[in-house]
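Peer 1: Here it is: the structure, laid out below.
There are 2 protein chains.
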Amino acid sequence: MKIAIVGATGAVGVEMLRVLEASTLQPSEVQLYASARSAGSTLPFRRRDLVVRELVPGPIPADVILASAGGSISKAYAPDWVAGGSVVIDNSSAFRLDADVPLVIPEINPDAALSHRGIIANPNCTTAIAAVAVWPLHRAFGVRRMIISTYQATSGAGAKGMEELLEGTRAYLDEQAVEARTFAHAIPFNLIPHIDTFQDNGYTREEMKVAWETRKIFGEPNLRVSCTAVRIPTLRAHSEAITLEFERSATPDEARELLGTAPGVELVDDPAAKRYPMPLTASGKYDVEVGRVRASLVFDGGLDFFVSGDQLLKGAALNAVQIAELLHERGALRAVTSSEVVSGR
Amino acid sequence: MKIAIVGATGAVGVEMLRVLEASTLQPSEVQLYASARSAGSTLPFRRRDLVVRELVPGPIPADVILASAGGSISKAYAPDWVAGGSVVIDNSSAFRLDADVPLVIPEINPDAALSHRGIIANPNCTTAIAAVAVWPLHRAFGVRRMIISTYQATSGAGAKGMEELLEGTRAYLDEQAVEARTFAHAIPFNLIPHIDTFQDNGYTREEMKVAWETRKIFGEPNLRVSCTAVRIPTLRAHSEAITLEFERSATPDEARELLGTAPGVELVDDPAAKRYPMPLTASGKYDVEVGRVRASLVFDGGLDFFVSGDQLLKGAALNAVQIAELLHERGALRAVTSSEVVSGR
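Taken in order, these protein sequences are the chains called V and Z.
For what it's worth, UniProt numbering labels the leading residue of the first sequence as 1, then goes sequentially.
For what it's worth, UniProt numbering labels the leading residue of the second sequence as 1, then goes sequentially.
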């Protein structure tokens, strides 16, 4: 299997290569693509140095393309890649809500990936981190309402977001002016309740993505989801305070038992020992940390809990590579054609 | 009127003196008290330098004592202060839930202050900041459920909390080890979902205070409140994401109209101009910033919004001085005696 990574030098692209390196996949070739600026640089992969190539229009000679170069690149290039016979696992928001593009978290809806027509979408990082924790509870108790407040790291805006926090913090401590370029305002020792653009309903796109994408991944078009998305001065790993109302009453003990064995989840819930989810411990980890599980004080039989997950891993690179592994295991590397869909698979 | 500040050199005490300086009160004398360590130092007040005295047991010759030296000091000393004829406005949690101690936010329940028996409690900072924003909405629409996620600054743990963040951040940037003393874990570029001690129900005391105190201040013992309290690496001003369910349906426009004229509130809600509440703009401000007002997606007729307020000001020092101003204006500087209470005032 030949695998290509598009956007290989970005914050997510670099993690895609690392996760691929540690995966059980044995690609016969790994190709790296980025903009002309990064072309010619090298990245190590399994004791070799891979040269980054410039991305140009047209097909790519790979079975699987892991794309993380932004929505406009994906929109412009993906049709050619699919026409050339590749399966595209796209980390941008370009295709996530398209009816004929599966939006997949392998722990939740793996089968959806198998009916792809050449493109599979990787969810938004905030959605993915919440969804792996909420899914086992949804299956057991049926989520009716979900209220999420996020604590999102600067690397959610790419490597440049992290650099802006570090540079700005140094400037602040040296009593110099702090510049805001990537973010709408200075981020050091501040927070910004504004991620992505504002919609007519007053929510940001980031907040609406959590609602739209969770509904699609869960197959629950009527799920009630409300989100407040906030950028905070951390480097890596997004955290989320989540309140759930259920159809069927849940207890914290039942929830901990389910979360303790749920794939993609690490139960970190021992307050007496000061153990709970934090960016400090969740960064670099494949599993999403879940803790502070307690009975909701506003919904009878509901739950409150807190999650921290590495948004570059489960929120992006890891989930994408897991989709590639899934396609490989299930022999689904060829796109389903229109005629197969029409004939009633 | 003679005013004393106990804990005058702490993060809140210093602000109490500044707020008092800017207030319309004309105290005939201002006395400052702190531990032996700080005794002898001076703090400026209206062009004079006031000498800090050592706090010793026994009465203080002042009409009003603004106390912010911690719960154990207040518990041990306040009875003597009251016996000596002073009115104590206490910023600790020692007396807040006592049935015969009024818990007061002047914008909300000023009349409660008038029936004091020598002690008036100042609310928890997180409670005060949420309550001034929620109160006008509660009066108009009747809050049924309130879900709060907090983003709390390090100065909530006093001046030493702020120092730990600044020192730790410098150490982190210099690739040195980061120490955690005030906080349970390293706070630079991290967050900690743990403020105050854990209760049997899995909530922290900080989280429960928001529920207990809001109910008492609003006079609504059955209000359903759930809170997740999180320390983040900011210096000053607490922020909170708040979701409200109401008895009577509210629209964002109605809410903005009420909040635009509510005392203690500054409506900062112009997303198109990138204006919303942030610690950067709320720090040092008397009013609590309220913005991101939008229709809830989980409660029909409910609201989501975001607040940032200076927890050393409205969350502590300002509210305490406002209570002193209220007592002065209403001539309530003498405690209500038991016989007056019994005779049916």
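Glycine is no exception: its CB is placed at the ideal position from the N, C-alpha and C atoms.
In this text the structure is predicted, and so the values were computed from the model without any measurement.
With a 10 Å radius around its C-beta and 16 neighbouring C-beta atoms as the bar for buried, classify D304 (chain V) as buried or exposed.
Peer 2: Counting from 1 along the first sequence, the entry for residue 304 (chain V) is found at position 304. Per the 10 Å Cβ criterion, buried.
Peer 1: What are the start and end residues of the beta strand (DSSP E) that includes V64 (chain V)?
Peer 2: Counted from its first residue, the first sequence places residue 64 (chain V) at position 64. Where V64 (chain V) is concerned, the enclosing beta strand (DSSP E) stretches over 64-67.
Peer 1: Distance cutoff 8 Å, beta carbons only. Does T228 (chain V) sit that close to anything in chain Z?
Peer 2: Position 228 of the first sequence, counted from the first residue, corresponds to residue 228 (chain V). True, the Cβ-Cβ gap to chain Z drops below 8 Å.
Peer 1: With C-beta atoms as the reference, is P27 (chain Z) less than 8 Å away from I3 (chain Z)?
Peer 2: Looking up residue 27 (chain Z) in the second sequence gives position 27. Looking up residue 3 (chain Z) in the second sequence gives position 3. Yes, the Cβ-Cβ distance between P27 (chain Z) and I3 (chain Z) is below 8 Å.
Peer 1: Flag D100 (chain V) as yes if its beta-carbon sits less than 8 Å from any beta-carbon of chain Z, otherwise no.
Peer 2: As a first step, residue 100 (chain V) must be located in the first sequence, where it is residue number 100. So, not an interface residue.
Peer 1: Compute the distance between the beta-carbons of A184 (chain V) and K285 (chain Z), then report whether it is under 8 Å.
Peer 2: For the purposes of this step, residue 184 (chain V) is taken as residue 184 along the first sequence, with counting starting at 1. For the purposes of this step, residue 285 (chain Z) is taken as residue 285 along the second sequence, with counting starting at 1. No, Cβ-Cβ distance for A184 (chain V) and K285 (chain Z) is not below 8 Å.
Peer 1: Please go through the same chain and pick out, in chain order, the residues whose beta-carbon is closer than 6 Å to the beta-carbon of D196 (chain V), but skip the five residues on each side of it.
Peer 2: By one-based count along the first sequence, residue 196 (chain V) stands at place 196. Excluding sequence neighbours, D196 (chain V) sits near T204, R205, E206.
Peer 1: Exposed or buried, E340 (chain V), counting other C-beta atoms within 10 Å across all chains shown (16 or more means buried)?
Peer 2: Residue 340 (chain V) sits at position 340 when you count from the first residue of the first sequence. Reliability fails at E340 (chain V), whose pLDDT of 46 lies under 50, so the model's placement of it is uncertain and the value that follows must be treated cautiously. Burial call: exposed.
Peer 1: Taking Cβ-Cβ distances below 8 Å as the criterion, which residues of the stretch 124-149 of chain Z are in contact with chain V?
Peer 2: R145, M146, I147, S149
Peer 1: Could you check the C-alpha separation between T234 (chain Z) and D100 (chain Z) for me, to the nearest Å?
Peer 2: As a first step, residue 234 (chain Z) must be located in the second sequence, where it is residue number 234. As a first step, residue 100 (chain Z) must be located in the second sequence, where it is residue number 100. Taking the straight line from one Cα to the other gives about 36 Å.
Peer 1: Helix, strand or coil for G309 (chain Z)? Go by DSSP, reduced to three states.
Peer 2: The residue labelled residue 309 (chain Z) in the question sits at position 309 within the second sequence. In this structure, G309 (chain Z) counts as strand in the three-state DSSP scheme.
Peer 1: Does DSSP put G284 (chain Z) in a helix, in a strand, or in coil?
Peer 2: Here residue 284 (chain Z) is taken as the residue at index 284 of the second sequence, counted from 1. If DSSP states are grouped into helix, strand and coil, G284 (chain Z) belongs with coil.
Peer 1: Does the beta carbon of A272 (chain Z) come closer than 8 Å to any beta carbon on chain V?
Peer 2: Counted from its first residue, the second sequence places residue 272 (chain Z) at position 272. Taking Cβ atoms only, chain V reaches closer than 8 Å to A272 (chain Z), which makes this a yes.
Peer 1: Kindly indicate which residue of Z:T9, Z:N91, Z:Y276, Z:L312 has the alpha-carbon position closest to the one of L55 (chain Z).
Peer 2: Here residue 55 (chain Z) refers to the residue found at position 55 of the second sequence. When each option's Cα is compared against that of L55 (chain Z), the closest is Z:T9.
Peer 1: For V225 (chain Z), which beta-bridge partners are listed by DSSP?
Peer 2: By one-based count along the second sequence, residue 225 (chain Z) stands at place 225. DSSP, once it has assigned bridges, lists Z:M146 as partnering V225 (chain Z).
Peer 1: Which runs of the alpha helix (DSSP H) fall wholly inside the stretch 159-206 of chain Z and span at least 4 residues, in chain order?
Peer 2: 159-173
Peer 1: Which residues in chain Z have a C-beta closer than 9 Å to the C-beta of S239 (chain V)? List them in chain order.
Peer 2: Stepping through the first sequence from its first residue, residue 239 (chain V) is reached at position 239. Residues of chain Z with a Cβ closer than 9 Å to the Cβ of S239 (chain V) are, in chain order, L191, P193, V230.
Peer 1: Starting from residue 348 (chain Z) and walking both ways along the alpha helix (DSSP H), at which residues does that stretch end?
Peer 2: Absent from the structure is residue 348 (chain Z), since the part of chain Z shown begins at 1 and ends at 345.
Peer 1: What are the boundary residues of the alpha helix (DSSP H) that includes R139 (chain Z)?
Peer 2: For the purposes of this step, residue 139 (chain Z) is taken as residue 139 along the second sequence, with counting starting at 1. Residues 125-141.
Peer 1: Which term fits T154 (chain V), buried or exposed, when burial requires 16 or more other beta carbons within 10 angstroms of its beta carbon?
Peer 2: Here residue 154 (chain V) is taken as the residue at index 154 of the first sequence, counted from 1. It counts as buried.
Peer 1: Note down, in chain order, each residue of its chain lying with its Cβ closer than 6 Å to the Cβ of D80 (chain V), except the 5 sequence neighbours on either side.
Peer 2: For this step, residue 80 (chain V) is matched to residue 80 along the first sequence. Around D80 (chain V): G58, P59.
Peer 1: Which residue comes first and which comes last in the beta strand (DSSP E) that contains D49 (chain V)?
Peer 2: For this step, residue 49 (chain V) is matched to residue 49 along the first sequence. Per DSSP, D49 (chain V) belongs to the beta strand (DSSP E) from 48-54.
Peer 1: Spell out the partners DSSP gives Y276 (chain V) in its beta bridges.
Peer 2: One-based indexing of the first sequence puts residue 276 (chain V) at position 276. In DSSP, Y276 (chain V) forms no bridge with anything.
Peer 1: Report the three-state DSSP secondary structure of I44 (chain V) (helix, strand or coil).
Peer 2: Position 44 of the first sequence, counted from the first residue, corresponds to residue 44 (chain V). Contrary to the premise, residue 44 (chain V) reads as Pro rather than Ile in this sequence. Residue state, collapsed to three classes: strand.
Peer 1: Can you confirm whether L312 (chain V), when its beta carbon is compared against all beta carbons of chain Z, has any partner nearer than 8 Å?
Peer 2: As a first step, residue 312 (chain V) is located in the first sequence; it is residue number 312 there, counting from the start. With 8 Å as the cut-off, L312 (chain V) does not count as an interface residue toward chain Z.
Peer 1: From this set, V:V87, V:S92, V:T243, V:A22, which residue's C-alpha is nearest S68 (chain V)'s C-alpha?
Peer 2: Here the question's residue 68 (chain V) lines up with position 68 in the first sequence. Ranking the options by Cα distance to S68 (chain V), first place goes to V:S92.
Peer 1: Output the distance between the C-alpha atoms of T214 (chain Z) and A180 (chain V), rounded to the nearest integer angstrom.
Peer 2: The count along the second sequence starts at 1 and reaches residue 214 (chain Z) at position 214. The count along the first sequence starts at 1 and reaches residue 180 (chain V) at position 180. Spanning the two alpha carbons is a distance of roughly 37 Å.
Peer 1: Assuming residue 346 (chain V) contacts I232 (chain Z) (C-beta within less than 8 Å), just tell me the rounded distance between them.
Peer 2: Since the first and last residues shown for chain V are 1 and 345, residue 346 (chain V) lies out of range.
Peer 1: Quick check: the Cα distance between S338 (chain V) and R117 (chain V), rounded to an integer number of angstroms?
Peer 2: The residue you call residue 338 (chain V) lines up with position 338 of the first sequence. The residue you call residue 117 (chain V) lines up with position 117 of the first sequence. Note that S338 (chain V) scores a pLDDT of 47, beneath 50, so its modelled location is shaky; the value from the coordinates is reported in the next line. Distance between the alpha carbons of S338 (chain V) and R117 (chain V): 8 Å.
Peer 1: Determine, for R256 (chain Z), whether the minimum Cβ-Cβ distance to residues of chain V falls below 8 Å.
Peer 2: On the second sequence, position 256 is the one that residue 256 (chain Z) refers to. No, no contact with chain V.
Peer 1: Could you give the residue range of the alpha helix (DSSP H) that holds K75 (chain V)?
Peer 2: In the first sequence, residue 75 (chain V) corresponds to position 75, counting from 1. It spans 71-83 - the alpha helix (DSSP H) in which K75 (chain V) sits, taken as one unbroken run.
Peer 1: Check whether the stretch 115-134 of chain V and the stretch 241-256 of chain V are in contact - that is, three or more C-beta pairs closer than 8 Å.
Peer 2: Because the criterion of three Cβ pairs below 8 Å is met, the stretch 115-134 of chain V and the stretch 241-256 of chain V touch.
Peer 1: Going straight from the alpha carbon of L327 (chain V) to that of V82 (chain V), what length do you get?
Peer 2: For the purposes of this step, residue 327 (chain V) is taken as residue 327 along the first sequence, with counting starting at 1. For the purposes of this step, residue 82 (chain V) is taken as residue 82 along the first sequence, with counting starting at 1. Rounded to the nearest angstrom, the two C-alpha atoms are 15 Å apart.
Peer 1: Under 7 Å, CB to CB, which of the residues in the stretch 199-217 of chain V have a partner in chain Z?
Peer 2: Within the stretch 199-217 of chain V, the residues whose Cβ lies closer than 7 Å to any Cβ of chain Z are, in chain order, N201, G202, Y203, A211.
Peer 1: Beta strand (DSSP E) containing D111 (chain V): first to last residue?
Peer 2: As a first step, residue 111 (chain V) must be located in the first sequence, where it is residue number 111. Following the DSSP letters along the chain, one finds D111 (chain V) in no beta strand (DSSP E) but inside the alpha helix (DSSP H) bounded by residues 110-113.
Peer 1: Let me know if V298 (chain Z) comes out buried or exposed under the rule of 16 or more other beta-carbons within 10 Å of its beta-carbon.
Peer 2: Taking the second sequence and counting its residues from 1, the one referred to as residue 298 (chain Z) is at position 298. Flag for V298 (chain Z) reads buried.
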